[in-house]
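Peer 1: Numbering (full-length UniProt numbering), first residue to last: 1 to 774. I have a structure here, written as structure tokens, and I will follow up with some questions on it.
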């Protein structure tokens with residue numbers, strides 16, 4: 001019996017090839033999108049969960065006006081011990097510092113992850129010694145430990161103990177091999193180094209972690225720690241914020257991921273909506289088929305089929321479609337898996353990935369099947385009544401189909417609108433004036449120092465100009481300093497002070513980057529302690545005309561404000577512009593100049609790749625033993641800010657096209673069914689004098705009615721969603737009024753093209769032949 005049901009199901013799928021194909025493809029894409037994004041979300045949420053008591057380990061940060069994320073990632077070394085001694089809720093505390101690093105062995109360059117830690121961190125992070133000694137924990141020593149994984153990569157079967165690695169300019173001796181830990185971590189270390197352990201409170205360079213006691217009320221403790229203020233001599237720290245070690249990837253991450261966590265959530269939601277759209281589309285077609293097969297249902301009932309048999313018949317066909325969609329989704333995953341892993345950085349073996357994905361697939365398929373059981377049961381029963389008793393559908397005829405099509409159109413309109421606004425916002429961020437000229441600007445940094453670099457770079461064919469002075473690049477910035485001012489003329493009593501970012505500058509620097517002076521003048525010559533302020537700084541001063549006034553700290557010599565320049569945007573587009581002052585004091589140099597050489601340049605238009613190639617070749621020629629050669633371009637760095645948005649846009653564009661196709665085929669199928677059901681009505685109307693155009697208007701009016709209902713719901717909802725989303729950006733694109741008629745007009749055109757020929761065919765049939773066939 002089951003074999004018979006499956007055979008009938010296959011026949012019906014083949015009978016409606018095009019509709020079945022669209023539904024299966026739509027479901028497969030929805031399954032794949034939702035499953036992969038769910039897998040990605042799960043991966044992001046489980047960083048460092050392999051650690052013992054990971055749920056009790058927290059990262060300590062301090063609120064900071066100067067940090068783009070609003071939280072300072074570094075704290076003073078003595079803070080860890082102070083917190084443990086002060087708060088009984090803390091069981092352990094430690095200090096670490098971690099970053100990606102390059103090192104040399106036998107003149108060959110390797111990449112790894114460098115982690116500096118104290119003995120408390122060794123215990124908290126469960127460092128397991130395989131061989132060697134713990135001399136790498138002696139503060140300020142030149143001994144290091146490496147993992148067994150890195151040892152195998154660099155040394156193969158050779159014993160690495162006693163060997164030396166060149167890390168930056170230091171020769172570090174390997175004294176221990178430690179066990180490699182799971183790389184699904186915020187600290188995938190390959191090298192362990194001793195900490196400096198300075199007791200100064202005014203120097204912040206550590207990452208502080210604490211481990212709380214099991215019985216701790218975290219909500220109360222977080223509030224208690226946030227309100228606590230540390231005072232040491234002239235230094236103070238307050239507003240401490242705790243972040244679980246397992247949440248560091250998405251809760252104010254220090255390094256912006258390729259795809260933002262909230263964008264992964266949005267894509268998962270998009271995948272779910274595609275599934276919903278495809279599911280309702282197929283349900284609509286399936287219900288219509290049940291109606292068409294009412295005579296078959298009646299005949300089966302007369303021949304002895306029970307209600308259960310009929311239900312199993314239709315459920316088998318539906319489950320077969322879901323199963324084929326599942327298999328198609330798995331095949332699709334096989335195709336896009338390399339791209340997905342590169343984009344998501346999900347590092348897991350293929351078996352585990354497929355196993356977890358299959359679990360998601362199975363769950364979604366089961367949920368979709370259970371969701372559809374009631375409509376299948378209900379419409380099977382209605383069709384049976386119609387076949388046996390001759391009852392009609394009454395006023396509610398095709399109500400389910402119309403509601404389903406309306407839902408599909410709502411989802412499609414929502415996707416189109418959201419994608420359009422996202423395109424506008426990205427275009428706006430690309431084309432709007434950001435207060436500086438980033439076109440063709442770049443820089444190169446070489447470690448260690450390299451004499452004569454600028455002169456040699458100026459000789460390259462791809463270089464148009466080399467900035468001659470010793471300044472840091474404006475963007476990306478390698479270092480920044482800040483100063484707090486407490487006094488200025490006209491200062492309101494309500495303002496305590498102002499912390500301003502300081503950028504050393506001169507006239508050549510100002511003009512090289514195309515900065516824009518709004519008021520005042522540029523300081524001339526070697527003027528001492530003359531500055532320009534940006535608009536954000538002037539706003540914080542809360543005085544009408546700051547030009548000519550002096551900023552100072554108590555009795556110290558102040559800085560004279562010579563002018564105001566336009567805000568420039570060199571932070572992620574969601575971060576507001578900070579107060580900035582350009583200091584024109586002579587002798588201001590890059591603080592890294594004692595260790596490296598930086599050259600700022602402007603390359604010839606359209607020669608970025610050639611420029612990068614020539615500069616890197618020159619740098620390697622001038623400094624064969626360079627530990628680090630880094631060439632950056634302002635346009636590329638700015639593009640990184642928008643990488644997540646662009647990836648989200650590609651994903652949305654794809655699912656938008658899928659949803660539109662599903663909706664259009666749903667409308668087409670419904671129109672085809674209506675034409676079949678109303679062919680006698682059409683013939684009677686034509687006999688009574690109706691023209692083909694009248695018949696076509698009747699059908700188009702029904703489709704437009706559904707589109708209007710969907711538009712009334714989708715447009716306001718989409719506007720509210722995108723308005724809230726755009727408000728996260730500092731530079732915001734307007735949601736233009738013309739988007740609504742354009743989107744609506746495009747959908748009307750698509751619906752007309754999709755269904756027009758079918759309606760025209762029905763309207764032009766010979767009424768005599770139709771009535772005769774009935």
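C-beta: ideal position from N, C-alpha, C; glycine also.
Can you tell me whether DSSP reads residue 20 as helix, strand or coil?
Peer 2: On the chain shown, residue 20 is found 20 positions in, with the first residue counted as 1. Residue state, collapsed to three classes: helix.
Peer 1: Residue 212 and residue 89 - do their beta-carbons sit closer together than 8 Å?
Peer 2: Position 89 of the chain shown, counted from the first residue, corresponds to residue 89. Position 212 of the chain shown, counted from the first residue, corresponds to residue 212. Yes, they are a contact pair.
Peer 1: Out of 496, 317, 126 and 561, point me to the one whose CA is closest to residue 521's CA.
Peer 2: To locate residue 521, count along the chain shown from 1; it is residue 521. Out of 496, 317, 126 and 561, 561 has the C-alpha closest to the C-alpha of residue 521.
Peer 1: Would you say residue 144 touches the ligand SAM, meaning its beta carbon is less than 7 Å from a heavy atom?
Peer 2: Summarising the ligand content, the structure contains no ligands, and the ligand SAM is consequently not present.
Peer 1: Residue 718 lies in the beta strand (DSSP E); which residues open and close that run?
Peer 2: In the chain shown, the residue the question calls residue 718 occupies position 718. That residue, residue 718, is in no beta strand (DSSP E); its alpha helix (DSSP H) goes 692–726.
Peer 1: Which class does residue 737 belong to by DSSP, given the choice of helix, strand or coil?
Peer 2: Residue numbering aside, residue 737 sits at position 737 when the chain shown is read from its first letter. Three-state DSSP puts residue 737 in coil, outside helix and strand.
Peer 1: Whose C-alpha, out of 164, 336 and 100, is nearest the C-alpha of residue 142?
Peer 2: Against the chain shown, residue 142 aligns to sequence position 142. Minimum Cα distance to residue 142 is reached at 164.
Peer 1: Which residues does DSSP list as the beta-bridge partners of residue 207?
Peer 2: Working through the chain shown from its first residue, we reach residue 207 at position 207. Looking at the DSSP assignment, residue 207 forms a beta bridge with 96.
Peer 1: Under three-state DSSP, which class holds residue 568?
Peer 2: Taking the first residue of the chain shown as position 1, residue 568 is located at position 568. Reduced to three states, the DSSP call for residue 568 is coil.
Peer 1: What does residue 248 pair with, by DSSP beta-bridge criteria?
Peer 2: As a position in the chain shown, residue 248 is number 248, starting the count at 1. DSSP output for residue 248 lists no bridge partner at all.
Peer 1: To which residues of the same chain is residue 500 closer than 7 Å at the C-beta, ignoring the five residues directly before and after it?
Peer 2: Indexing the chain shown from 1 puts residue 500 at position 500. So the list reads 482, 483, 485, 537, 579, 580 and 581, once near-sequence residues are dropped.
Peer 1: Assuming residue 565 and residue 498 make a contact with CB atoms under 8 Å, what is their CB distance in whole Å?
Peer 2: As a first step, residue 565 is located in the chain shown; it is residue number 565 there, counting from the start. As a first step, residue 498 is located in the chain shown; it is residue number 498 there, counting from the start. Rounded, the Cβ-Cβ distance is 17 Å, inconsistent with contact.
Peer 1: Could you check how far apart the C-beta atoms of residue 207 and residue 98 are, in whole angstroms? I think they sit under 8 Å.
Peer 2: For the purposes of this step, residue 207 is taken as the residue at position 207 of the chain shown. For the purposes of this step, residue 98 is taken as the residue at position 98 of the chain shown. With 8 Å as the limit, residue 207 and residue 98 qualify as a contact, their Cβ atoms being about 7 Å apart.
Peer 1: I'd like to confirm the pairing. Which residues does DSSP put opposite residue 442 in its beta bridges?
Peer 2: Reading the chain shown from its first residue, position 442 is the one you call residue 442. Its beta-bridge partners are 601 and 633.
Peer 1: Kindly identify the DSSP beta-bridge partner or partners of residue 465.
Peer 2: For the purposes of this step, residue 465 is taken as residue 465 along the chain shown, with counting starting at 1. In the DSSP output, where bridge partners are listed per residue, residue 465 has 602.
Peer 1: Given a cut-off of 8 Å on the beta-carbon distance, is the pair residue 574 and residue 742 in contact?
Peer 2: Walking along the chain shown from the start, residue 574 turns up at place 574. Walking along the chain shown from the start, residue 742 turns up at place 742. Cβ atoms of residue 574 and residue 742: not closer than 8 Å.
Peer 1: Measuring alpha carbon to alpha carbon, tell me which of 127, 326, 716 and 277 ends up nearest residue 364.
Peer 2: Within the chain shown, the letter at position 364 stands for residue 364. Of the candidates 127, 326, 716 and 277, the one whose C-alpha sits nearest the C-alpha of residue 364 is 326.
Peer 1: Please classify residue 530 as buried or exposed, where buried requires at least 16 neighbouring CB atoms within 10 angstroms.
Peer 2: Taking the chain shown and counting its residues from 1, one reaches residue 530 at position 530. When all chains shown are included, residue 530 counts as buried.
Peer 1: One question on the structure: do residue 503 and residue 597 come within less than 8 Å of each other, judged by their Cβ atoms?
Peer 2: Within the chain shown, numbered from 1, the residue matching residue 503 stands at position 503. Within the chain shown, numbered from 1, the residue matching residue 597 stands at position 597. No.
Peer 1: Using a Cβ distance threshold of 8 Å, determine whether the region 263–272 contacts the region 81–95, with at least three qualifying pairs required.
Peer 2: These segments do not touch.
Peer 1: Residue 284 and residue 670: beta carbons closer than 8 Å?
Peer 2: Your numbering for residue 284 matches position 284 in the chain shown. Your numbering for residue 670 matches position 670 in the chain shown. Against a cut-off of 8 Å, the Cβ pair of residue 670 and residue 284 comes out as a contact.
Peer 1: With DSSP run on the structure shown, which of helix, strand or coil describes residue 590?
Peer 2: In the chain shown, residue 590 corresponds to position 590, counting from 1. Annotation note: pLDDT 48 at residue 590 (below 50); position unreliable, coordinate value reported separately. Three-state DSSP puts residue 590 in coil, outside helix and strand.
Peer 1: Report buried or exposed for residue 44, applying the criterion of at least 16 other Cβ atoms within 10 angstroms of its Cβ.
Peer 2: Within the chain shown, residue 44 is the residue found at index 44, counting from 1. Residue 44 should be labelled buried.
Peer 1: Tell me whether residue 18 is buried or exposed, calling it buried when 16 or more other Cβ atoms sit within 10 Å of its Cβ.
Peer 2: Looking up residue 18 in the chain shown gives position 18. With fewer than 16 other Cβ atoms within 10 Å, it is exposed.
Peer 1: Among the candidates 96, 288, 340 and 62, whose CA atom is the shortest distance from the CA of residue 237?
Peer 2: Residue 237 sits at position 237 when you count from the first residue of the chain shown. Ranking the options by Cα distance to residue 237, first place goes to 62.
Peer 1: What are the boundary residues of the beta strand (DSSP E) that includes residue 416?
Peer 2: One-based indexing of the chain shown puts residue 416 at position 416. Looking at the DSSP string, residue 416 is not in any beta strand (DSSP E); the run it does join, the alpha helix (DSSP H), is 399–431.
Peer 1: In angstroms with no decimal places, state the Cα-to-Cα distance between residue 738 and residue 427.
Peer 2: Here residue 738 refers to the residue found at position 738 of the chain shown. Here residue 427 refers to the residue found at position 427 of the chain shown. Their backbone Cα atoms lie some 17 Å apart in a straight line.
Peer 1: Going by DSSP in three states, residue 559 sits in which element: helix, strand or coil?
Peer 2: As a first step, residue 559 is located in the chain shown; it is residue number 559 there, counting from the start. Correct three-state label for residue 559: strand.
Peer 1: Between residue 187 and residue 443, which are expected to be in contact by the criterion C-beta below 8 Å, what is the C-beta distance as a whole number of angstroms?
Peer 2: For this step, residue 187 is matched to residue 187 along the chain shown. For this step, residue 443 is matched to residue 443 along the chain shown. Actually they are not in contact, since the Cβ atoms of residue 187 and residue 443 sit about 30 Å apart, beyond 8 Å.
Peer 1: Taking just the CA atoms, how far does residue 614 sit from residue 527?
Peer 2: As a first step, residue 527 is located in the chain shown; it is residue number 527 there, counting from the start. As a first step, residue 614 is located in the chain shown; it is residue number 614 there, counting from the start. In a straight line, the C-alpha of residue 527 is about 37 Å away from that of residue 614.
Peer 1: Measure the beta-carbon distance from residue 622 to residue 456 and round it to whole angstroms, keeping in mind my assumption that it falls under 8 Å.
Peer 2: Here residue 622 refers to the residue found at position 622 of the chain shown. Here residue 456 refers to the residue found at position 456 of the chain shown. With a Cβ gap of about 7 Å, residue 622 and residue 456 count as contacting.
Peer 1: To the nearest angstrom, report how far apart residue 309 and residue 16 are at their CA atoms.
Peer 2: As a working note, residue 309 is residue 309 in the chain shown. As a working note, residue 16 is residue 16 in the chain shown. Their backbone Cα atoms lie some 23 Å apart in a straight line.
Peer 1: Measuring straight from C-alpha to C-alpha, what distance separates residue 50 and residue 248?
Peer 2: Along the chain shown, one-based indexing puts residue 50 at 50. Along the chain shown, one-based indexing puts residue 248 at 248. Approximately 14 Å between the Cα atoms of the pair.
Peer 1: Relative to the C-alpha of residue 472, which candidate in 366, 599 and 643 has its C-alpha closest?
Peer 2: Counting from one through the chain shown, the residue named residue 472 turns up at place 472. Selected option, being the one with the closest Cα: 599.
Peer 1: From this set, 633, 113, 399 and 616, which residue's C-alpha is nearest residue 830's C-alpha?
Peer 2: Residue 830 is absent from the model: the chain starts at 1 and stops at 774.
Peer 1: Nearest-angstrom Cα distance between residue 322 and residue 282?
Peer 2: For the purposes of this step, residue 322 is identified with residue 322 of the chain shown, where counting begins at 1. For the purposes of this step, residue 282 is identified with residue 282 of the chain shown, where counting begins at 1. One C-alpha to the other measures close to 10 Å.
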